[in-house]
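J.: Input: one structure, supplied below.
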């Protein structure tokens, strides 16, 4: 009954979004969506001519599928019909994701409270309730749903299905094939944890110092120190120091004994398995390059510096950006970070490697880079809070917070929105364009960042307070009762 209620509520919102507003410019597409719409309309014609590069080939699958289906059923490939085709495909992917989630919940033996918590964290956010229906020509929803499939088959130890899902996902998002291979071929033995208090080490300080130097050097190489105004320069320096302190804090809270775990990794790693991992990955890369024919258009330097330019705009902007895109999960995860690391270590070296990649991509404010890892983060959090008592009040608060932050209920296409989106970067930093762009950390305005930062801090405090509440209750339950002898 609970599952039926959750699915019914989700589908009710989604159906309203399907018939609701769409991107008001270019007949329903903007940015990368213009390219993806072209793929949906002309894939079979252009693939023979090698019109796509290697990066594009790793994202074309959903749109190629729509193109093939339209051709098979002789449907006219008008812009309106292509939008309808993408909406139907998104709905199918959402159905798969929900099915995989409840299969995963059964394998993890989650109770009702944790099942509801996981469902809310995964599906009640901007990434699911608004973005794919407002901007249909994107790979966001398929990426996230296929990642749920990867997490499901990894937990269920179904290697064949995990491999098949990873192959399909490799043509939806670039990191998903390597994620699947790491889960498949790295040793499943748990990493070693510190049994007592973590010994003091200079390693986190050394790494943080190296990161600080690297970021400062990058600032000079990209010319940001020279081109930024005084105020933006202060924000940039604050962003660098906040990022370094964040990484230092996470490393200090790390419960894994990496020295002994590395020795275990070397001991347990079989050369045959590693050979398969490298071999399959090289074959996949070869297939991608054979299918692509326009790789001269790839400029690695431009891609790298473009990604760098989107970072370090405001101190901790990646945290606020992920909050706006994913909801309460991000502050929740900060409060339970050490336990999540422990759970990743218990799941083996493959999951730990995926967790390290997840942490690295989380440092970038563009939340789309985290979509392929988001379900794994939810799994680790659910396992981390399993020992804690989640009450109905907690679920209600988290649900309300995610509904409010997702803003699926807020109309996007207000007067002036079409003009603002058409102007691109010129109007991106102000309203009404910020109604949409506020959910993307690398494009949110300072005003949105400031208010979002206050909300984020409050939610971290709320999650931390809930964690301490449980510990106090446990202490009271376990405290021995002293006997008093009376005369």
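In the numbering used here, the protein residues as written are 738 to 1224. Idealized CB from N, CA, C, for every residue including glycine. This one's a predicted model, so the numbers in the text were calculated from it and none came from an experiment.
1. Label residue 1156 either buried or exposed according to how many other C-beta atoms from any shown protein chain fall within 10 Å of its C-beta, with 16 as the threshold for buried.
2. Counting only runs that start and end within the segment 1129-1214, where is the alpha helix (DSSP H) found for 4 or more residues in a row?
3. Identify whether residue 1119 lies in helix, strand or coil by the three-state DSSP scheme.
4. Could you check which residue in 1075, 837, 917 has the C-alpha nearest to that of residue 852?
5. How would you label residue 785, buried or exposed, when you count the other beta carbons within 10 angstroms and need 16 or more for buried?
6. Beta-carbon separation of residue 879 and residue 835 under 7 Å?
7. At the level of alpha carbons, what is the spacing between residue 803 and residue 1019?
8. Near residue 972, which residues of its chain fall below 6 Å by C-beta distance, leaving aside the five closest residues on each side in sequence?
9. Suppose the cutoff is 7 Å on Cβ atoms and the five residues either side in sequence are ignored; what does the same chain contact list for residue 1223 look like?
10. Drop a sphere of 10 angstroms on the beta-carbon of residue 1049, count the other beta-carbons inside from all chains shown, and report buried for 16 or more, exposed for fewer.
11. With DSSP run on the structure shown, which of helix, strand or coil describes residue 1100?
12. Can you check whether the CB of residue 919 is closer than 7 Å to the CB of residue 1087?
13. Assign residue 1047 to one of three DSSP states: helix, strand, or coil.
14. I'd like to know whether the C-beta atoms of residue 1070 and residue 1132 end up nearer to each other than 7 Å.
15. Should the segment 1006-1019 be called in touch with the segment 953-961, which here means at least 3 C-beta pairs below 8 Å?
16. For a quick check, are the C-beta atoms of residue 862 and residue 1139 less than 7 Å apart?
17. Thinking C-beta only, is residue 746 closer than 7 Å to residue 780?
18. Please specify which runs of the alpha helix (DSSP H), each continuous and at least 4 residues long, are wholly inside the segment 994-1062, giving them in chain order.
19. Taking 7 Å as the CB-CB limit, is residue 771 close to chain B?
20. With respect to the alpha helix (DSSP H) encompassing residue 804, which residues constitute its N-terminal and C-terminal limits?
21. How would you call residue 1195, buried or exposed, if buried means at least 16 neighbouring beta carbons within 10 angstroms?
22. Near residue 763, which residues of its chain fall below 7 Å by C-beta distance, leaving aside the five closest residues on each side in sequence?
23. What residues in its chain sit with their C-beta under 6 Å from that of residue 856, if we drop five residues either side in the sequence?
24. When burial is assigned at 16 or more other CB atoms within 10 Å of the CB, is residue 1212 buried or exposed?
25. Does the beta-carbon of residue 1097 have 16 or more other beta-carbons within 10 angstroms, so that it is buried, or is it exposed?
26. Between residue 739 and the rest of its own chain, which residues show a CB-CB distance below 6 Å, the 5 nearest in sequence each way excluded?
27. Can you give me the C-alpha to C-alpha distance between residue 922 and residue 904, rounded to a whole angstrom?
28. DSSP three-state label for residue 749, please.
29. Taking C-alpha atoms, which residue in 936, 932, 897, 933 lies nearest to residue 917?
30. What separation, rounded to the nearest whole angstrom, lies between the Cα atoms of residue 774 and residue 947?
31. Could you say which of 1184, 1153, 1186, 1178 lies nearest to residue 1170 if we only look at CA atoms?
32. Identify whether residue 949 lies in helix, strand or coil by the three-state DSSP scheme.
33. What would DSSP say about residue 930, mapped onto helix, strand or coil?
34. Does residue 938 come out as helix, strand or coil in the three-state DSSP assignment?
35. Quick one: Cα of residue 748 to Cα of residue 1005, how far?
36. If you measure between the beta carbons of residue 927 and residue 1083, is that distance less than 7 Å?
T.: So, to answer that:
1. Against the chain shown, residue 1156 aligns to sequence position 419. Using a 10 angstroms sphere on the CB of residue 1156, the tally of other CB atoms stays under 16, which defines it as exposed.
2. The alpha helix (DSSP H) runs of length 4 or more contained entirely in the segment 1129-1214 are, from start to end of the chain, 1129-1143, 1154-1159, 1162-1165, 1171-1174.
3. Taking the first residue of the chain shown as position 1, residue 1119 is located at position 382. In the three-state DSSP reduction, residue 1119 falls in the helix class (H, G or I).
4. Here residue 852 refers to the residue found at position 115 when the chain shown is read from its first residue. Nearest in C-alpha terms to residue 852, of all of 1075, 837, 917, is 837.
5. Residue numbering aside, residue 785 sits at position 48 when the chain shown is read from its first letter. Burial is judged here by how many other beta carbons sit within 10 angstroms of a residue's own beta carbon; residue 785 has fewer than 16 and is exposed.
6. Looking up residue 879 in the chain shown gives position 142. Looking up residue 835 in the chain shown gives position 98. It is not a contact, given that the beta carbons lie outside the stated cut-off.
7. For this step, residue 803 is matched to residue 66 along the chain shown. For this step, residue 1019 is matched to residue 282 along the chain shown. A straight-line Cα-Cα distance of about 28 Å links residue 803 and residue 1019.
8. Reading the chain shown from its first residue, position 235 is the one you call residue 972. Result list for residue 972: 1051, in chain order.
9. The sequence position of residue 1223 within the chain shown is 486, counting from 1. Unreliable positioning characterises residue 1223 in this predicted model, as indicated by a pLDDT of 41, which lies under 50. The coordinate reading is nonetheless provided below. Cβ neighbours of residue 1223 beyond the five flanking positions: none.
10. By 1-based counting over the chain shown, the position of residue 1049 is 312. So residue 1049 counts as buried.
11. The residue labelled residue 1100 in the question sits at position 363 within the chain shown. Here residue 1100 sits in coil by DSSP.
12. Residue mapping note: residue 1087 aligns to position 350 of the chain shown, counting from 1. Residue mapping note: residue 919 aligns to position 182 of the chain shown, counting from 1. Against a cut-off of 7 Å, the Cβ pair of residue 919 and residue 1087 comes out as a contact.
13. Numbered from 1 along the chain shown, position 310 holds the residue referred to as residue 1047. Residue state, collapsed to three classes: coil.
14. Start at 1 with the first residue of the chain shown, and residue 1070 comes out as number 333. Start at 1 with the first residue of the chain shown, and residue 1132 comes out as number 395. No, the pair does not count as a contact, with Cβ atoms beyond the cut-off.
15. In the pairwise beta carbon analysis, the segment 1006-1019 is classified as not touching the segment 953-961: fewer than three pairs are separated by under 8 Å.
16. Working through the chain shown from its first residue, we reach residue 862 at position 125. Working through the chain shown from its first residue, we reach residue 1139 at position 402. Result yes, Cβ atoms of residue 862 and residue 1139 sit closer than 7 Å.
17. Along the chain shown, read from residue 1 onward, the residue named residue 780 stands at position 43. Along the chain shown, read from residue 1 onward, the residue named residue 746 stands at position 9. No.
18. Runs found: 995-1005, 1008-1028, 1037-1046.
19. Of the protein chains in this structure there is only one, and it is not chain B.
20. Residue mapping note: residue 804 aligns to position 67 of the chain shown, counting from 1. For residue 804, the enclosing alpha helix (DSSP H) has its first and last residue at 798-809.
21. Counting from 1 along the chain shown, the entry for residue 1195 is found at position 458. So residue 1195 ends up on the exposed side.
22. On the chain shown, position 26 is the one that residue 763 refers to. Around residue 763: 771.
23. What you label residue 856 is simply residue 119 of the chain shown in a count that begins at 1. Hits under 6 Å: 743.
24. Mapped onto the chain shown, residue 1212 falls at position 475. Because the pLDDT of residue 1212 is 43, which lies under 50, any placement of that residue in the model is unreliable, and the number read from its coordinates should be weighed accordingly. Taking all protein chains in view, the Cβ of residue 1212 is surrounded by fewer than 16 other Cβ atoms within 10 Å, so the residue is classified as exposed.
25. Here residue 1097 is taken as the residue at index 360 of the chain shown, counted from 1. Counting Cβ neighbours within 10 Å, residue 1097 comes out exposed, since fewer than 16 surround it.
26. Indexing the chain shown from 1 puts residue 739 at position 2. Excluding residues up to 5 positions away in sequence, 849 lie with their Cβ nearer than 6 Å to the Cβ of residue 739 in the same chain.
27. Start at 1 with the first residue of the chain shown, and residue 922 comes out as number 185. Start at 1 with the first residue of the chain shown, and residue 904 comes out as number 167. Each residue's alpha carbon lies about 15 Å from the other.
28. What you label residue 749 is simply residue 12 of the chain shown in a count that begins at 1. Helix at residue 749.
29. Taking the chain shown and counting its residues from 1, the one referred to as residue 917 is at position 180. Of the candidates 936, 932, 897, 933, the one whose C-alpha sits nearest the C-alpha of residue 917 is 897.
30. The count along the chain shown starts at 1 and reaches residue 774 at position 37. The count along the chain shown starts at 1 and reaches residue 947 at position 210. Rounded to the nearest angstrom, the two C-alpha atoms are 43 Å apart.
31. Start at 1 with the first residue of the chain shown, and residue 1170 comes out as number 433. The residue with the shortest Cα to Cα distance from residue 1170 is 1153.
32. As a working note, residue 949 is residue 212 in the chain shown. Residue state for residue 949 is assigned as helix, using DSSP reduced to three classes.
33. The residue labelled residue 930 in the question sits at position 193 within the chain shown. Note: residue 930 maps to strand in three-state DSSP.
34. In the chain shown, the residue the question calls residue 938 occupies position 201. Residue state, collapsed to three classes: coil.
35. Stepping through the chain shown from its first residue, residue 748 is reached at position 11. Stepping through the chain shown from its first residue, residue 1005 is reached at position 268. Near 45 Å, if we compare the C-alpha coordinates of residue 1005 and residue 748.
36. The residue given as residue 927 occupies position 190 in the chain shown. The residue given as residue 1083 occupies position 346 in the chain shown. Residue 1083 is positioned such that its CB atom lies closer than 7 Å to that of residue 927.
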